[in-house]
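Protein chains in written order, with the numbering used here: chain A, 514 to 810; chain B, 71 to 500.
Backbone N, C-alpha and C fix where the C-beta goes; we use that ideal spot for every residue, glycine too.
These numbers were taken from a predicted model, which means no experiment stands behind them.
Notes follow once the structure below has been shown.
Here it is in C-alpha cells:
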C-alpha cells in the first residue's frame, strides 16, 4: 500500500474512532480515575482528592456500605444467573413451539410473546406490584382457589428477588424467543431430512441438529441476557426500593443511591468499576465456554 | 427603497411596542420541584398563577416526582439546568449546603424565618446559623388505630404504655382472619426509622446525642426487643408492611382494609387514609406514642420540610424565587391571615409550621385526627440533622428490617446499628 493510499484510510477512521474515544473510552477512563478519588458528585472534578485504594477497601470492609455493596453484588449475580438459566432454554422451547409451520397461529403467538417486551417498564411495575400484593393481589387469590397458601412475593426477603426475576423473565422472554426463531430459520431443512433418513427421533433431531446449529444464536442471546440482567434497575426503583431488608438491592440501584443520592462519587465509581470488571469476566467466560464446546464438537 | 425603509421603520415600531410586553410575560422562568400528588400540585400551580398575575415578569412551573426520586432529582439537576426551587426534607440540608447546591436566604427572608417560625423549626432550616430555606410543614408521629377492630377485640382505649401496647397487639391479632396487631413498615427509610425513633424517644432514649449515636443504649436495646417480641409472637407480620416508592403499597392497603390494628405514622398520611377509607375515615383514631418501661412520657419524632433555592440559578432567578417563596409562605397570600402554602398543606392534613398559620388554622387543627398530633407537638423531639443523616437513616432501616425478618436478634441489631452509625457519622464529618 502506498503512502497516498494510507492517508484516506486514516482520515476515514478518525471520525468513528474519535466518537468512540469521546463517548466510550473517555467516560470509562474517567470512571476508573474517579474510583481512586474522594469526590462529591456535586462538585467539579478539580475537587477530587486522590485516596488510592481506599474506596475499594471500603467495598470489601465490614462497614455498612461494604456489606450493602456485597449484598447488592450477590443479589445481582443471583438475579442474572436465574434470569439467564431460565430465559435461554425457555426461549428455545417457545421458539420451537411458535416456529412449527404446521401449527396454526404461529405468527400470532410470536406477536403476543414479543408484545411483553414492548410494554414500558413503568406500566409493568404498576401492574405487577398489584398482582403481587400478598393480601389483595390476584395471583394469591388464584392460588387460594387451588388450596395454595398465600405467598409473600415482594413482601419478604426470601421471595422478593425471585419475584423480580419472574417479572424480568415475563418481560424479556418474547425478545429472546424471536432471537431463537431467527436462529431456527437458519437451519437447513435438509439436515432434518437426513437425520430422519438415519432414523433419528425428534429428541435426537433436537440434540443432534437443532441445538448445535443454534449455538451462535444462543451465544448472542446469553451475552445480551447477561448484560440486560446486570443492568436491572427500573423494577427495583419503581417497586421495591431495594427492600425488604436489602433483598432486592442490586448494583445499579445501589450505585445510584451512593453516587447520586449520597453524592459519594468516588465510592460510586469504584462500584461501577467492579461491576464493569465482573461483566467483562462473565462475557469472556461465556465466549471461552462457547469456543471450548465448538472445539469439542 | 423608500417603501423598504418605511416597512423597516414600521417593523421597528412594532418590535419596540411588543418587546416590553413579551419580556414582561416571562422575564424570569422559575421551576418548582416537589413530591406532592397531582391534586396538591394543582393547588400550588394555582397559587403560582396568582403570584404571576401580580408579577407578570415571573413565570412559575411546577414539577412533581415521587418522594423516592426527589433527592436524586435535586442532586442530578443541581449543578446547572435544574429546578430553581425545591422542596426538601430537613435531613438533606447539611449535605446540600456542604456541596454548594442551595443558596443562602437574603437577609430579609432570614430575618422573617427567625421571627415568624418557632425557634426549633427555624434552626432546622439553617446550617452554621445561616438560613438556607423557608420552612413550611412540620410532621410528627402518633399512634393510629382502627376503632372498629379495637371495639371487636374488647379494647376500650388506645395503649398508653408498651405493656398495654403488646397486650392490645395480641388481642388484635388473628392469623386465621389475616389480621395483625401492629403494622411495621419496610422498604421505605423514613417510614421504618421514624416510628422506631418515636418509640425510642418515648422510652427515654435518643438516636444521636452530641453527635454520637446512642443505638447501643439500654433504651435502644429495649426498643429493638419490642420489635422482636412483636414479630416473634406474630403480632406484627413484616410481609404486611411493604411500602412502594410512593409511600403507599401493602402497608397502607392492610391498614385501610382493616387487617392492621395499629400503626405509627405521620400526620401527612391523613389524605392517603381519607382516600383509602372514604366514609370509614372516622374509624381511625389518633393517640400518643405508648411510653416504654424506661420512659416517663410520650415523645413523638418531628421533622420539617422547607423550600430552598438552587445556588446555581442566575441572580435574577434567585431574587425572583425568594420573592415568590416569601409571598407563598407569607401571611398575605392565603385566607384569613394564613399563607397560601398553609392552605395547600392543610388540604393534605399537614401541619403548617409558621406561627401565624397555626393561629389561622386553629379550629381546623383541632379536628379529631389532627388533634392527636397537634397535642404532641410541644413534646416532640426533632429527628437529628447531621452530616451523613440520610446514610445513617438508610443503614438503620436495614438493621431494623433485618430484625423484623428474623435475620438478626435484638442484641445484634443494637450492636450492628451502633457500629454502623459510628462509622457513617465519623466518615461524613471528615
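| query | result |
| --- | --- |
| Nonlocal neighbours in the same chain, by C-beta distance under 8 Å from residue 93 of chain B, ignoring five residues either side | Note that residue 93 of chain B scores 38 on pLDDT, short of 50, meaning its location in the model is unreliable and no value can be drawn from it. |
| Uninterrupted beta strand (DSSP E) stretches inside the region 326-380 of chain B (no shorter than 3 residues) | 330-336, 354-357 and 371-379 |
| Check whether residue 358 of chain B and residue 226 of chain B have beta carbons under 9 Å apart | no |
| Interface residues of chain A facing residue 145 of chain B [CB-CB closer than 8 Å] | 554, 555, 773, 774 and 776 |
| Residue from B:209, B:154 and B:253 whose Cα sits closest to the Cα of residue 387 of chain B | B:154 |
| Under 7 Å by beta carbon: chain B residues contacting residue 752 of chain A | 314 |
| Proximity winner among B:422, B:405, B:377 and B:278, relative to residue 440 of chain B (alpha-carbon distances) | B:422 |
| Simplified DSSP assignment, three categories, for residue 494 of chain B | helix |
| Positions along the region 466-499 of chain B whose CB lies within less than 7 Å of some CB in chain A | 468, 471, 472, 475, 477, 490, 493 and 494 |
| Segment limits, alpha helix (DSSP H) that includes residue 298 of chain B | 288-302 |
| Amino acids of chain A, ordered along the chain, whose beta-carbon sits closer than 7 Å to that of residue 238 of chain B | Ordered by position in chain A, no residue passes the 7 Å Cβ test against residue 238 of chain B, which lies about 21 Å from the chain. |
| Residue 379 of chain B and residue 173 of chain B closer than 9 Å at C-beta | yes |
| Distance, residue 542 of chain A Cα to residue 786 of chain A Cα | 10 Å |
| Contact under 9 Å by Cβ, residue 739 of chain A with residue 792 of chain A | yes |
| Interface residues of chain A facing residue 141 of chain B [CB-CB closer than 7 Å] | 774 |
| Nonlocal neighbours in the same chain, by C-beta distance under 6 Å from residue 311 of chain B, ignoring five residues either side | 253, 254, 255, 256 and 321 |
| Cβ-based neighbour list, residue 562 of chain A, same chain, cut-off 8 Å, excluding 5 preceding and 5 following | 550, 551 and 552 |
| Under 8 Å from the C-beta of residue 669 of chain A: neighbouring residues of chain B | 308, 309 and 475 |
| For residue 432 of chain B, the three-state DSSP class (helix, strand or coil) | coil |
| Under the three-state DSSP convention, the category residue 249 of chain B falls into | strand |
| Terminal residues of the beta strand (DSSP E) in which residue 218 of chain B lies | That residue, residue 218 of chain B, is in no beta strand (DSSP E); its alpha helix (DSSP H) goes 217-222. |
| Chain-ordered chain A contacts of residue 258 of chain B [CB-CB under 9 Å] | 754 and 756 |
| With 16 other Cβ atoms within 10 Å as the buried cut-off, status of residue 767 of chain A | buried |
| Three-state secondary structure (DSSP) of residue 592 of chain A | helix |
| Stretch-stretch touch, CB-based, cutoff 8 Å, three pairs: the region 463-476 of chain B with the region 260-276 of chain B | yes |
| First through last residue of the alpha helix (DSSP H) which encompasses residue 642 of chain A | 634-644 |
| Secondary structure of residue 738 of chain A, DSSP reduced to three states | helix |
| Delimiting residues of the beta strand (DSSP E) encompassing residue 679 of chain A | Per DSSP, residue 679 of chain A belongs to no beta strand (DSSP E); it is in the alpha helix (DSSP H), 670-698. |
| Residues sharing a beta bridge with residue 214 of chain B, DSSP | B:333 and B:356 |
| Residue 98 of chain B: first and last residue of the uninterrupted alpha helix (DSSP H) it sits in | First-last for residue 98 of chain B: 98-104, but that is the beta strand (DSSP E), not the alpha helix (DSSP H). |
| Supposed contact pair residue 593 of chain A and residue 742 of chain A - C-beta distance, whole angstroms, cut 8 Å | 4 Å |
| Residue-level contact to chain B via CB, residue 581 of chain A, 9 Å cutoff | yes |
| Proximity test, residue 143 of chain B beta-carbon vs the ligand FMN heavy atom, cut-off 8 Å | In the structure shown, the ligand FMN is absent, as is every other ligand, since no ligand is present at all. |
| Environment of residue 348 of chain B [buried if 16+ CB atoms lie within 10 Å] | exposed |
| Under the three-state DSSP convention, the category residue 484 of chain B falls into | helix |
| Beta-carbon proximity list for residue 836 of chain A, same chain, < 7 Å, skipping 5 on both sides | No statement about residue 836 of chain A is possible, as the shown extent of chain A runs from 514 to 810 and does not include it. |
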